[in-house]
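Enquirer: Line order of the protein sequences matches chains A and B.
Our numbering numbers the first residue of the first sequence as 15 and each following residue consecutively.
Our numbering numbers the first residue of the second sequence as 470 and each following residue consecutively.
For every residue, glycine included, the Cβ atom is placed at its ideal position computed from N, Cα and C.
Model, not experiment: these values are computed from the prediction.
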Amino acid sequence: MSDSNQPIIEIRDLSHAYKRQLALQGVSFSVEPGSIHGFVGPNGAGKTTTLKILATLLKPQRGTVRVFGLDIVADYKKVRRKIGFMPDHFSLYRQMTVQEYLDFFAAAYGMDVAERNRVVGDVLDLTDMAARRSDLIKGLSRGMQQRVSLSRVLVHDPTLLLLDEPASGLDPRARIELMEIIQELRRMGKTIFISSHILSELALLCDSVTILDRGTVRYSGSMTGLSQSNGEIVDYLLSLAEDHPDIESALRKINGVVAITKAGKVPQYRVSFQRKQTDPNTLLRAILESGAQILGFQEIVRQLNQAFMDLTEPGVPPMINIADQEQPPLPAAVPPGGTS
Amino acid sequence: MKLPALALFERALRLETRSLTFCGARVGLLAIILLILLPIQTMARVGWYGAPGLHFLQEMVWVNLVFITLAGLSYFTSAITEEKEEMMLGLLRMTNLNPVAILLGKSTSRLIGALLLLLVQVPFVLLAVTLGGVGLHQVAAAYVTLLAYLFFLCNFALLFSVIFRNTATATAIALLLLFLFFFGSYWAAGIERGLASHYRSDLQHGLWPAVTKTIELWRRTTPSERLGIIFQTGFAEPIICFQVVSDFLMGVFFFLLAWALFDPCTREEKDAAPARRWIWRRTSRRSRIPQGLIGAAAISWKDFTFVSGGKIGLLVKFVVVGLLIALCNIIAVETDSTLTRQFEGAALIWISLITTAVWLALEASRVFKDEVRWKTLSSLMTLPFSVSHLAYRKVAGVLFGTLPLLAYFVIGVMLVPDKVGDFIGEIFKEPTALGMMLVAIFQYLLFLHLTAFLSLVLKRGALPVAIVIQYLGGSFFLGFMSMFLVFAGGGGAEVFPFFIILICIVLTGVLHRAIGFRLVRAAAEE
Chain A
15 MSDSNQPIIE IRDLSHAYKR QLALQGVSFS VEPGSIHGFV GPNGAGKTTT
65 LKILATLLKP QRGTVRVFGL DIVADYKKVR RKIGFMPDHF SLYRQMTVQE
115 YLDFFAAAYG MDVAERNRVV GDVLDLTDMA ARRSDLIKGL SRGMQQRVSL
165 SRVLVHDPTL LLLDEPASGL DPRARIELME IIQELRRMGK TIFISSHILS
215 ELALLCDSVT ILDRGTVRYS GSMTGLSQSN GEIVDYLLSL AEDHPDIESA
265 LRKINGVVAI TKAGKVPQYR VSFQRKQTDP NTLLRAILES GAQILGFQEI
315 VRQLNQAFMD LTEPGVPPMI NIADQEQPPL PAAVPPGGTS
Chain B
470 MKLPALALFE RALRLETRSL TFCGARVGLL AIILLILLPI QTMARVGWYG
520 APGLHFLQEM VWVNLVFITL AGLSYFTSAI TEEKEEMMLG LLRMTNLNPV
570 AILLGKSTSR LIGALLLLLV QVPFVLLAVT LGGVGLHQVA AAYVTLLAYL
620 FFLCNFALLF SVIFRNTATA TAIALLLLFL FFFGSYWAAG IERGLASHYR
670 SDLQHGLWPA VTKTIELWRR TTPSERLGII FQTGFAEPII CFQVVSDFLM
720 GVFFFLLAWA LFDPCTREEK DAAPARRWIW RRTSRRSRIP QGLIGAAAIS
770 WKDFTFVSGG KIGLLVKFVV VGLLIALCNI IAVETDSTLT RQFEGAALIW
820 ISLITTAVWL ALEASRVFKD EVRWKTLSSL MTLPFSVSHL AYRKVAGVLF
870 GTLPLLAYFV IGVMLVPDKV GDFIGEIFKE PTALGMMLVA IFQYLLFLHL
920 TAFLSLVLKR GALPVAIVIQ YLGGSFFLGF MSMFLVFAGG GGAEVFPFFI
970 ILICIVLTGV LHRAIGFRLV RAAAEE
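1. Chain B beta carbons: is any one of them nearer than 8 Å to that of proline 101/A?
2. For methionine 323/A, count neighbouring C-beta atoms within 10 Å of its own C-beta (all shown protein chains included) and say buried if the count is 16 or more, exposed if not.
3. Could you tell me the distance, in whole angstroms, from the CA atom of isoleucine 50/A to the CA atom of leucine 219/A?
4. Please list, in chain order, the residues of the region 102 to 114 of chain A that have any C-beta partner in chain B closer than 9 Å.
5. If we ignore side chains and look at the alpha-carbon of each, how far apart do lysine 356/A and glutamate 215/A end up?
6. Using the three-state DSSP reduction, which class does arginine 835/B fall into: helix, strand or coil?
7. What residues from the region 752 to 775 of chain B come within 9 Å of chain A, judged by C-beta to C-beta, listed N to C?
8. Can you round the beta-carbon distance between serine 543/B and alanine 481/B to whole angstroms, since I take them to be within the 8 Å contact cut?
9. Output needed in chain order: residues of the region 850 to 873 of chain B with a Cβ under 7 Å from some Cβ in chain A.
10. Could you round the C-beta distance between glycine 522/B and alanine 597/B to whole angstroms and report it? I think they count as a contact, below 8 Å.
11. Taking only beta-carbon atoms, is aspartate 89/A less than 8 Å away from chain B?
12. With 8 Å as the threshold, decide whether the Cβ of phenylalanine 207/A is near any Cβ in chain B.
13. Drop a sphere of 10 angstroms on the beta-carbon of asparagine 269/A, count the other beta-carbons inside from all chains shown, and report buried for 16 or more, exposed for fewer.
14. Can you give me, in chain order, the residues of the region 621 to 647 of chain B that have a beta carbon less than 8 Å from any beta carbon in chain A?
15. Looking at chain B, is there any beta carbon in it that lies within less than 8 Å of the beta carbon of phenylalanine 322/A?
16. Please list, in chain order, the residues of the region 903 to 930 of chain B that have any C-beta partner in chain A closer than 7 Å.
17. Can you have a look at lysine 276/A and say buried or exposed, based on whether 16 or more other CB atoms are within 10 angstroms of its CB?
18. From the DSSP output, in three-state form, read off aspartate 293/A for me.
19. Under the DSSP definition of a beta bridge, which residues are partnered with glutamine 282/A?
20. Considering only residues of the same chain and omitting the five flanking positions on each side of leucine 927/B, which have a CB-CB separation below 7 Å?
21. Are the region 99 to 118 of chain A and the region 837 to 844 of chain B in contact at 8 Å, needing three or more beta carbon pairs?
22. Say whether chain B places a C-beta atom closer than 8 Å to the C-beta of aspartate 85/A.
23. Would you say proline 692/B and threonine 614/B are within 8 Å of each other, going by their C-beta atoms?
24. Look at serine 756/B and arginine 130/A and say whether their C-beta atoms are less than 8 Å apart.
25. Determine whether the Cβ of serine 488/B lies closer than 8 Å to any Cβ atom of chain A.
26. Please compile the residues from chain B whose C-beta is within a distance smaller than 8 Å of the C-beta of arginine 147/A.
27. Only counting the same chain, and skipping five residues up and downstream in sequence, which positions put a Cβ closer than 8 Å to that of aspartate 85/A?
28. Is DSSP giving serine 666/B helix, strand or coil here?
29. Within this structure, are the beta carbons of leucine 433/B and phenylalanine 723/B separated by less than 8 Å?
30. Going by beta carbon distance, what residues of the same chain come within less than 8 Å of glutamate 303/A, once the five residues before and after it are set aside?
31. Tell me whether isoleucine 25/A sits in a helix, a strand or coil according to DSSP, three-state version.
32. Going residue by residue through the region 588 to 612 of chain B, where are the continuous alpha helix (DSSP H) segments of at least 4 residues, counting only ones entirely within it?
33. Using a Cβ-Cβ cutoff of 8 Å, what residues of the region 123 to 157 of chain A are near chain B? List them in chain order.
34. Please tell me whether isoleucine 758/B and phenylalanine 118/A are closer than 8 Å, where the distance is taken between their beta carbons.
35. Using a Cβ-Cβ distance under 8 Å, would threonine 224/A count as near chain B?
36. Does methionine 950/B come out as helix, strand or coil in the three-state DSSP assignment?
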């Protein structure tokens, strides 16, 4: 069983291939309980494959995947009781009404009538869909269908939510409302593993992030760690009242400064230096000694989208051909549960 | 210079020429010809068949007719509906393509492909002439009949494809009307005779001759009637006959009608969604799932309600089968049969068995397919149950929907318990009869599994393809077993049914496992 300090998701050396195409290669990362973990990467990076493995729809071909300390292959039924998976296509019975749909899933999770009536009402209130409970799902907008899908995921009160591109195709209002619901769910103690392409919103929402590219992890850790993830080099933005001819030469004399780039028409400079060899105070002193008039001097924190661009390759990433790998071929994909 | 109207048509033909599926279908067809030919030739050598060529031709032509009717119908009805279902028709209409270009491109190209499948057989079927018992004229007449029927069927199906929003509805309505096309003339003739007899009218006077002539012409438009004439000894009628001309003209008429209706029927593009059928929408905030149906049993409730039609569906089925039985009684009265308890019992038993078999076959083709088609399998598969548990619960829901049909069966048995008892006694007294009954049951189970499996593999037409595969498989197996018995000196015939049962069990087991694997794979691929 899991203890409170144990990661909710623990993936070690996970690899998965479709026929001869390697979708995941040695993926390892973990997710802490109660956090919102962003999962980003270009199209074809392997995000959906990872999510399907976590949702027990696919069996990992190599490596181990533990959710709540449980092996997702051996204990798939226990894992399924504790997770809620929302695929990008929402997976809705569109001929049903909202009430019927949620009622069905609540019954399938073993709730009796009284409990179902209460739970369905609660999740509809949470997702602000109570007024539409008698509507046919096929008549709802995409944003509302997405909320119904999210309600279904919540119906059995799972601890871990796996959301695959939940905001794709939604209008800005629906996206903002979804983000508010996700924040509310975090306050309720849920751990949320969310894959998305909308980096600006993830940056505001997530505590930690994993960046995946071509089936390998480029970064996995906290959002604050992401801003310093390219090692020891730190960027500062220097704004001056007016341009100063000696500023660049004054700064270059300092040991550890690796680059000075003029940014824009206004007298602004991007100063990159090695944290181990110098510090912002030394730089400030040198600037003042040069006679320049400082308007501002602040660290440039790398945002998620910048990190994404830095850490992933440009263009459409081709999948890795398994024949090019030295490892032996992976076994055929058989989801947990099989046909037993 | 290329005509814009033919652009889509040309593209479809190019794609079809390169398609491996169509090449495979042609090779498969030749294999079928060989498999039909081999046992017939063997039988002829030992003198079991007097006219092996005629037998071979008949087998080929009837297989073609069944295949064209069942598989061809769903293939042609999906021509336009598949574009509607994928929400692509609007995009097609936004291009320079006019309705006739779309119809030619989507339907006529399929017709050409199907015609080629027929024509590729001709050189091989000419072997029938060499085998003896049939003339070249008969072979030509039979294939011209099939070609004309194929042309009619394609355009008939196209009309329904234009009118209806989804393939399932279009195919169901077209199949029903096609059934009337084939058998309606016989019923009409029966009703005509019944009415004439009831009103003591002379069929030679008044409007009756015109009615009789119309019914006769109707019958002559069907390929089955024409083929019956062609296979008669001494057939010497012209190849281009009334059936060929009428089927061709009807085909043209249906194409023109489809063209005329294309704009009004496709102007509005609606989101494709599964049908709700007969379920009333309730505004109650209370759960409608019964207290006991929790856990995996809820899946049975879902499939009973939303696949089988729920409680109203039970009522509808009860009424429809009741009407069929009533119709049977009316026909019996009209043909001067006496309504006895035995007759009622037999009618109830047979009608309930046939409707149950048909209904289960239809359900087998969609019980899993619908989950895959509407991408709902992934949410179902993340429920805390194994895939086999899920699948059995779905099947249980569908089986519950057959209760009204089985109710008629029970009533039938209660009406003639002595006859049923005698029948069962006879069956158990005679091992061969018992074997044949078990063969029928196990073959049907195999058929249901085959249908369910094909529904997960094929994009469309699982049921007709399963019928054809089962028919051909059964024929070949019987043919080869007969060959074996011939070579073995005729002994061992009594174990023959049990050997078939064993094979059915093995194949059913294999398909059973395969369905599970396909479901798991489909959920992961969503």
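Expert: Here's the rundown:
1. In terms of beta-carbon proximity, proline 101/A lines the interface with chain B, with at least one pair separated by less than 8 Å.
2. Result: exposed.
3. Rounded to the nearest angstrom, the two C-alpha atoms are 7 Å apart.
4. Within the region 102 to 114 of chain A, the qualifying residues are His103, Phe104, Ser105, Leu106, Tyr107, Arg108, Gln109, Met110, Thr111, Gln113 and Glu114.
5. Coverage of chain A is limited to positions 15 through 354, which leaves residue 356/A absent and any answer about it impossible.
6. Three-state result, arginine 835/B: coil.
7. Within the region 752 to 775 of chain B, the residues whose Cβ lies closer than 9 Å to some Cβ of chain A are Thr752, Ser753, Arg754, Arg755, Ser756, Arg757, Ile758, Pro759, Gln760, Leu762, Ile763, Gly764, Ala765, Ala766, Ala767, Ile768, Trp770, Lys771, Thr774 and Phe775, listed in chain order.
8. Between serine 543/B and alanine 481/B a beta carbon distance of about 18 Å is seen, past the 8 Å cut, so the two are scored as non-contacting.
9. Flagged, chain order: Met850, Thr851, Leu852, Pro853, Ser855, Val856 and Ser857.
10. The beta carbons of glycine 522/B and alanine 597/B sit about 4 Å from each other, so the pair counts as a contact at 8 Å.
11. For aspartate 89/A, no CB of chain B lies under 8 Å from its own CB, so it is not counted at the interface with that chain.
12. No, phenylalanine 207/A lies away from the interface with chain B (no Cβ there is under 8 Å from its Cβ).
13. By the neighbour-count rule (16 or more Cβ atoms within 10 Å), asparagine 269/A is not buried but exposed.
14. Residues: none.
15. Chain B, which has no Cβ nearer than 8 Å to the Cβ of phenylalanine 322/A, makes this no.
16. Answer in chain order: no residues at all.
17. Lysine 276/A is exposed by the Cβ-count criterion.
18. Correct three-state label for aspartate 293/A: coil.
19. Looking at the DSSP assignment, glutamine 282/A forms a beta bridge with Ser253/A.
20. Correct list, in chain order: Val934.
21. Output reads yes: the region 837 to 844 of chain B touches the region 99 to 118 of chain A.
22. At least 8 Å separates the CB of aspartate 85/A from every CB of chain B.
23. In this structure, proline 692/B sits near threonine 614/B, with a CB-CB distance shorter than 8 Å.
24. Cβ atoms of serine 756/B and arginine 130/A: closer than 8 Å.
25. Not an interface residue.
26. Result: Arg754.
27. Excluding positions up to five away in sequence, the list reads Thr78 and Val79.
28. If DSSP states are grouped into helix, strand and coil, serine 666/B belongs with the helices.
29. Nothing about residue 433/B can be read from this structure; chain B reaches only from 470 to 995.
30. Hits under 8 Å: Ala264.
31. It is a strand residue.
32. Entirely contained in the region 588 to 612 of chain B, the alpha helix (DSSP H) runs reaching 4 residues are, in chain order, 591 to 594 and 596 to 600.
33. Residues of the region 123 to 157 of chain A that bring their beta carbon within less than 8 Å of a beta carbon in chain B comprise Tyr123, Gly124, Met125, Asp126, Val127, Arg130, Asn131, Val134, Gly135, Arg147, Ser148, Leu150 and Lys152, in sequence order.
34. Taking 8 Å as the Cβ cut-off, isoleucine 758/B and phenylalanine 118/A qualify as a contacting pair.
35. Chain B contact via Cβ: absent.
36. DSSP places methionine 950/B in helix when its eight states are reduced to three.
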